[in-house]
Amino acid sequence: MRQRWMGLAVLVGLALLVSPVAPTWGQNRGNAMTVTFKDDISTLDPAIGYDWQNWSIIKSIFDGLMDYEPGTTTLVPHLAESFTVSPDGKTYTFKLRRGVKFHNGREVTAADVRYSLERTLNPKTQSPGAGFFGDIAGVKEFTDGKAKEVSGVKIPDKYTVVFTLSKANAAFLHIMALNFAYVVPKEEIEKAGADFGHKPVGSGAYKVKEWVLGQRLVLVRNSDYFIKGRPYLDEIVFQVGVEPNVAFLKLQRGEVDILGDGVPPAEFTKVMNDTKLRTLVAVGDQLQTGYVTINTQVKPFTDVRVRRALNMAVDKQRIIRIINNRAVPAVQVLPPLMPGYDKEYKGYVFDVAQAKKLLAEAGYPNGFSTVLYANNTDPNPRIAQAIQQDLAAIGVKAELKTLAQSTVIEAGGTKGQAPLVWSGGMAWIADYPDPNDFYWPILSCSSLAQGTWNWAWYCNPRVEKMVEEADAMVQANQAAARDAKYREIYRLVMQDAPWIPIFHEKRYTMHTARMGGPPGLFNDPIHIPVHYTEVRLVQ
33 MRQRWMGLAV
43 LVGLALLVSP
53 VAPTWGQNRG
63 NAMTVTFKDD
73 ISTLDPAIGY
83 DWQNWSIIKS
93 IFDGLMDYEP
103 GTTTLVPHLA
113 ESFTVSPDGK
123 TYTFKLRRGV
133 KFHNGREVTA
143 ADVRYSLERT
153 LNPKTQSPGA
163 GFFGDIAGVK
173 EFTDGKAKEV
183 SGVKIPDKYT
193 VVFTLSKANA
203 AFLHIMALNF
213 AYVVPKEEIE
223 KAGADFGHKP
233 VGSGAYKVKE
243 WVLGQRLVLV
253 RNSDYFIKGR
263 PYLDEIVFQV
273 GVEPNVAFLK
283 LQRGEVDILG
293 DGVPPAEFTK
303 VMNDTKLRTL
313 VAVGDQLQTG
323 YVTINTQVKP
333 FTDVRVRRAL
343 NMAVDKQRII
353 RIINNRAVPA
363 VQVLPPLMPG
373 YDKEYKGYVF
383 DVAQAKKLLA
393 EAGYPNGFST
403 VLYANNTDPN
413 PRIAQAIQQD
423 LAAIGVKAEL
433 KTLAQSTVIE
443 AGGTKGQAPL
453 VWSGGMAWIA
463 DYPDPNDFYW
473 PILSCSSLAQ
483 GTWNWAWYCN
493 PRVEKMVEEA
503 DAMVQANQAA
513 ARDAKYREIY
523 RLVMQDAPWI
533 PIFHEKRYTM
543 HTARMGGPPG
553 LFNDPIHIPV
563 HYTEVRLVQ
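When you read off a place in the sequence shown, starting at 1, and then add 32, the result is the number in this note's numbering.
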């Protein structure tokens, strides 16, 4: 999943709500929590929404078959009461909870699950998440218009859904926890049409009370929610169009509870150096890697020695200082919290002399000229300039092109156009906590196509085969072996050096002292479940 710079990323921190002292977590309900955003909310349609802002709100309005225990990467059945997996990992059978109701009062059934998934897969929906479900049998025939239904989705009875995959995928249960798989009522889709994203009806803990575009969104507690005792708050108000600096002042006055866009950069040092204000900031890690892609199909980057030299040339600690030390250095593709992360791997050390030596061995003793693309939103131009200076120290003259995010994405996805791309503002954050999410969309041979997110245009058939083998390891007793396999996979990727991993961002969320949640939410590593259902008043 791509992100915008720090602002939307810190929305995950809503799951990290803490108080300045160790509180007693009460069961009390009441009052409203207020969250501010600079930008308006684009859509609350789970098949379409795909940024931090709308995903987190969608989570509160809709439900899926699977979810995560708050504050963990542990999958649990949600709308599903239970599930079974066949020994070959190709058949998943879900038994639904009975009596779960949509906000319109109708019971959720297996037919709704199939309808919702086929709606996401329907090309007319234009869902950015359709590609996640390609392993379900019959998807291609359905999306090509050759079949009216997805053959790999069966509903033998009102409360049972059976998925058959064309090949095993150990991440399938995680995929079924994505917002793109959330369940919607067909009659409400037909009633609202293309406006469903602004008239959402789900089965979640909250339902929409009021939405004034450009001003506010108000969610109200769903008294019929199937998880008894949830949610705790009666109302959540999202104020939009609020500049971050104004929101910061409002929070200090107690007028808002959460800074959805994070601590304003100009105020960050002040906040962290202020004893009182610092206690209102929750800090957490996330499954994120910021990196520079190196186009492996553009000379001189077709030579692995050149790519390795660039990895050795960048001073990551200096870049981290540019963002007020809100990150840790990255030495590999996967972030530290991800299964398969290799704690023993040290990566390419910062070594200008060795970098120059590698360039000379590759036939470039005097360096060469290239182009570095970057998002033009601060602090990305400053980071790109630091990278440019580091490359200049080894003789690589990189022309900077700092452009709008959409333009950079287009350039990266066009073969041969962008030699180097700094991913800041668009860095990869896990859609789900499985190592294959850092491979298939952005590093695989199968992702090479016009408009690709594989901006390195990287393809190693040996690695691809190994990933397929790892993803076929679906049984619980194979988890350790699968992690080991992925450690080997990403070491091979780093030997090929299609990326310069730069840092893993931390998130900083500022909130009022009156809002809280249980300890399990302090460092929620998943960007998907911002658990509004767990947020409560501190006693």
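Using N, Cα and C, we set each Cβ at its ideal position, and we do this for glycine too.
query	result
Residue(s) in a DSSP beta bridge with threonine 125	Thr116 and Val194
Exposure of tyrosine 82, with buried meaning 16 or more beta-carbon neighbours within 10 Å	buried
Close Cβ partners of valine 108 (< 8 Å) along its chain, the five nearest in sequence each way excluded	Met98, Asp99, Tyr100 and Glu101
Of the residues Asp463, Phe94 and Ala424, the one placed nearest alanine 203, counting alpha carbons only	Asp463
Beta-carbon proximity list for arginine 146, same chain, < 6 Å, skipping 5 on both sides	Val185 and Ile187
Expected contact under 8 Å - CB spacing of tyrosine 214 and phenylalanine 115 to nearest Å	Actually they are not in contact, since the Cβ atoms of tyrosine 214 and phenylalanine 115 sit about 16 Å apart, beyond 8 Å.
Limits of the alpha helix (DSSP H) - the one that aspartate 144 falls within	142–153
Distance, proline 368 Cα to valine 67 Cα	30 Å
Length of the line joining the Cα atoms of lysine 241 and tyrosine 124	36 Å
Helix, strand or coil at phenylalanine 174 [DSSP, three-state]	helix
Unbroken alpha helix (DSSP H) run spanning histidine 206, endpoints	204–207
Rounded separation between proline 451 and glutamine 271 - CA only	41 Å
Pick from Arg568, Leu569, His543 and Asp72 that is closest to arginine 310, judged by C-alpha positions	His543
Beta-carbon proximity list for alanine 143, same chain, < 7 Å, skipping 5 on both sides	Ile187
Leucine 342 in three-state terms, based on DSSP	helix
Delimiting residues of the alpha helix (DSSP H) encompassing valine 440	437–444
DSSP bridge partner residues for histidine 536 (one or two, in chain order)	Val360
Burial state of tyrosine 540, where buried means 16 or more other Cβ atoms lie within 10 Å	buried
Inter-residue Cα distance where the pair is aspartate 317 and phenylalanine 258	31 Å
Pair within 8 Å by beta-carbon distance, glutamate 393 and arginine 358	no
Cβ pair tryptophan 489, threonine 328 closer than 8 Å	yes
Close beta carbons around threonine 484, own chain, < 6 Å, minus the five adjacent residues each side	Gly445
Within the stretch 427–497, ranges of the alpha helix (DSSP H) (whole runs, at least 4 residues)	437–444
Bridge partners - tyrosine 405, DSSP secondary structure assignment	Lys433 and Val453
Between the CA atoms of glutamate 150 and alanine 169 - distance to the nearest angstrom	12 Å
Limits of the unbroken beta strand (DSSP E) element including tyrosine 238	238–244
With 16 other Cβ atoms within 10 Å as the buried cut-off, status of leucine 281	exposed
Supposed close pair isoleucine 207, tyrosine 238 - CB separation, criterion 8 Å	Rounded, the Cβ-Cβ distance is 24 Å, inconsistent with contact.
Where valine 1 sits in the DSSP three-state scheme	Because the chain is modelled from 33 through 571, residue 1 falls outside the range shown and cannot be assessed.
Classification of tyrosine 471 by the beta-carbon crowding that lies within 10 angstroms, buried from 16 upward	buried
Valine 278 versus glutamine 247 - alpha carbon distance	15 Å
Under 8 Å between C-beta atoms of serine 198 and aspartate 176	no
Exposure of arginine 130, with buried meaning 16 or more beta-carbon neighbours within 10 Å	exposed
Tryptophan 87 CB to nearest heavy atom of the ligand PLP below 7 Å	The ligand PLP is not part of this structure, which contains no ligands at all.
DSSP beta-bridge partners of isoleucine 168	Leu197
Whether leucine 245 touches aspartate 72 by CB criterion (8 Å)	yes
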